[in-house]
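Student:
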Amino acid sequence: MSTRRHSSRASCWSQVGTAQARPGVTPTRRPLARASLRGQHPLTRAEDNARLFDYEQRVKTAFDGIVPALKRLSALQHEENFEARAQALAREQLGFELPEAVLADAWVEQLDMRELFAWCVFETYHRFCDEFFTADPLGATRDDEFVSFLQACGFHTLDVSPCADGRLAHVIRYVLRLPYRAVRRKSYAGAMFDIEDSVQKWVETEMLRFREGRPNTADAPTRYLKTVVYHYSSVDPAHEGCAAHGSDAGRAAQGGLDRLLAFQQAIQNSFCCGASIDLLLIGLDTDTDAIRVHVPDGDGVIDLDRYVDAREVYAATASYSATDAERYISECAQAAAAGAASSMVELVSRLISNNISQIDYVRSYHGEHYEDIGHAERFIGAGIGFEEVQL
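Right, here's the structure in full:
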């Protein structure tokens, strides 16, 4: 057993500090497609990382290839056999054919590149939607195991509300490494979720437990865990944090906590003080994908000034065995909040442990942080139906 594990518990949780921006600092550009050869953390699942990176690269490459393909297409529009050549080019570079009517009109008037661009974006999205549900590219096959684990921790539902910022679109399967089918996820600007909608979902969940015994029966001593994921930037905190909160990590965290408490109060006002609601607040550094978890104390109170920082845990346990690293993480979760319930400590420990793989994912494939720390979305979907497909 590593002797470092016996260091003071107080060293493994952090207090919020006001991060200062670094004017004029430009992130170093790094190659994206090659993994680092340095050692990885003992808790990192390298095979999982390789599969997820392959999916990330295929998605980005597909969307990034649209404009170059259409530029080549535009140059061909007055050539002989344009329609056949255009379709051949589209099949080769984009993987699908273009609408014949648009191509057929090219000899009469200028080719409608805007319509073709829109078609290509949605067709590319359509293709990945099909793959997402038929080929399981994210490898989310541990649904039953996680549901059993969640219930063993005393929770029958994990309901997560992240910020709608595109840099959090991968929060479930990548950042937290959870099976997306086993987690309810709905994003909102600034993670300021709709309380009325969340109350309705809570009612639906409890009715399913009472009438159908799903995910467990109503008499089981489990609780509904409502979680908010806010975000911040470690590289450029004054500009690349959450826009809804003025790129202020403190405001983002406070806003998330206030919304959680308002939801809990709404449930208690309508269904009495015994309603089974627990709360959890998570911060995400979108530059490194490292999380900080604000662990509720024994009374369920969340202190914004105390949290477990996964990046600090990573540094402290990089030389440990996997067993010692997991034990250290559990001790950190216990130390972060006085009298924290053992079930909550177990869940938080799992989240931190899972996030270690994502920290290594970013470091291996992108460097110390993402090159594109700002917005670099290839596709932005607004409305119902886009939430379930993680690009």
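Quick note on my numbering: the sequence shown kicks off at 1371 and runs consecutively.
Beta carbons: idealized from backbone N, C-alpha and C, even for Gly.
Please name the residue or residues paired with residue 1532 in a DSSP beta bridge.
Tutor: Per DSSP, 1599.
Student: Does the beta-carbon of residue 1651 have 16 or more other beta-carbons within 10 angstroms, so that it is buried, or is it exposed?
Tutor: The residue in question, residue 1651, is buried, as its Cβ has 16 or more Cβ neighbours within 10 Å.
Student: Can you list, in chain order, the residues of its chain with a C-beta nearer than 7 Å to that of residue 1545? Leave out the 5 residues immediately preceding and following it.
Tutor: The residues are 1654, 1659, 1661, 1725 and 1728.
Student: Suppose you measure from the CA of residue 1750 to the CA of residue 1709; what does that come to, to the nearest Å?
Tutor: Residue 1750 and residue 1709: Cα-Cα distance of roughly 43 Å.
Student: Starting from residue 1653, trace the beta strand (DSSP E) in both directions and tell me its first and last residue.
Tutor: Residues 1647 to 1655.
Student: Between which two residues does the alpha helix (DSSP H) holding residue 1454 run?
Tutor: 1452 to 1463 is the span of the alpha helix (DSSP H), which, as asked, contains residue 1454.
Student: Below 8 Å on the Cβ atoms is my contact criterion, and I expect residue 1439 with residue 1463 to pass it. Report the Cβ-Cβ distance as a whole number of Å.
Tutor: 4 Å between Cβ atoms; contact.
Student: Mind checking residue 1642: buried by the 16 CB within 10 Å criterion, or exposed?
Tutor: Per the 10 Å Cβ criterion, exposed.
Student: Assuming residue 1664 is part of the beta strand (DSSP E), what are its boundary residues?
Tutor: Where residue 1664 is concerned, the enclosing beta strand (DSSP E) stretches over 1660 to 1664.
Student: Residues in the same chain with beta-carbon distance under 6 Å from residue 1542, minus the five sequence neighbours each way, listed in chain order, please.
Tutor: For residue 1542, where only same-chain residues beyond five positions count, the Cβ hits under 6 Å are 1548, 1550, 1553 and 1555.
Student: Give me the Cβ distance between residue 1528 and residue 1597, rounded to the nearest whole Å; I'm assuming they're in contact under 8 Å.
Tutor: Indeed, because the Cβ distance is near 7 Å, the residues count as touching under 8 Å.
Student: Considering only residues of the same chain and omitting the five flanking positions on each side of residue 1442, which have a CB-CB separation below 7 Å?
Tutor: These residues qualify, in order along the chain: 1459.
Student: Of all the options 1586, 1657, 1628 and 1595, which has the alpha carbon lying nearest to the alpha carbon of residue 1611?
Tutor: The option with the nearest alpha carbon to residue 1611 is 1657.
Student: Measure the CB-CB distance between residue 1427 and residue 1730 and report whether it falls below 8 Å.
Tutor: No, Cβ-Cβ distance for residue 1427 and residue 1730 is not below 8 Å.
Student: Do the region 1512 to 1521 and the region 1472 to 1492 touch if we need at least three Cβ pairs shorter than 8 Å?
Tutor: In short, these stretches do not touch, since the Cβ pair count stays below three.
Student: Please report how far the alpha carbon of residue 1413 lies from the alpha carbon of residue 1695, in whole angstroms.
Tutor: If you take the alpha carbons of residue 1413 and residue 1695, they lie about 8 Å apart.
Student: With a floor of 3 residues, list each beta strand (DSSP E) that falls wholly inside the region 1475 to 1536, ordered by position along the chain.
Tutor: Qualifying beta strand (DSSP E) stretches, in chain order: 1525 to 1532.
Student: Evaluate contact between the region 1620 to 1630 and the region 1556 to 1567, counting only Cβ atoms and requiring at least three cross-stretch pairs below 8 Å.
Tutor: Taking 8 Å as the limit for Cβ pairs, the verdict is that the region 1556 to 1567 does touch the region 1620 to 1630.
Student: Would residue 1536 pass as a contact of residue 1747 if the rule is Cβ separation under 8 Å?
Tutor: Cβ distance < 8 Å, so residue 1536 and residue 1747 count as in contact.
Student: How do the region 1668 to 1679 and the region 1707 to 1722 stand: do at least 3 beta-carbon pairs fall below 8 Å, yes or no?
Tutor: Touching, yes, given that three or more Cβ pairs across the two stretches are closer than 8 Å.
Student: Per DSSP, which residues does residue 1554 bridge with? Please list them.
Tutor: Answer is 1529.
Student: Where DSSP assigns a beta bridge to residue 1594, which residues make up the other side?
Tutor: DSSP, once it has assigned bridges, lists 1527 and 1647 as partnering residue 1594.
Student: Given residue 1446, which residues of its chain have a CB within under 8 Å of its CB, disregarding the five upstream and five downstream residues?
Tutor: Here the set comprises 1452, 1455, 1456 and 1459.
Student: Measuring straight from C-alpha to C-alpha, what distance separates residue 1493 and residue 1523?
Tutor: Computed Cα separation, rounded: 42 Å.
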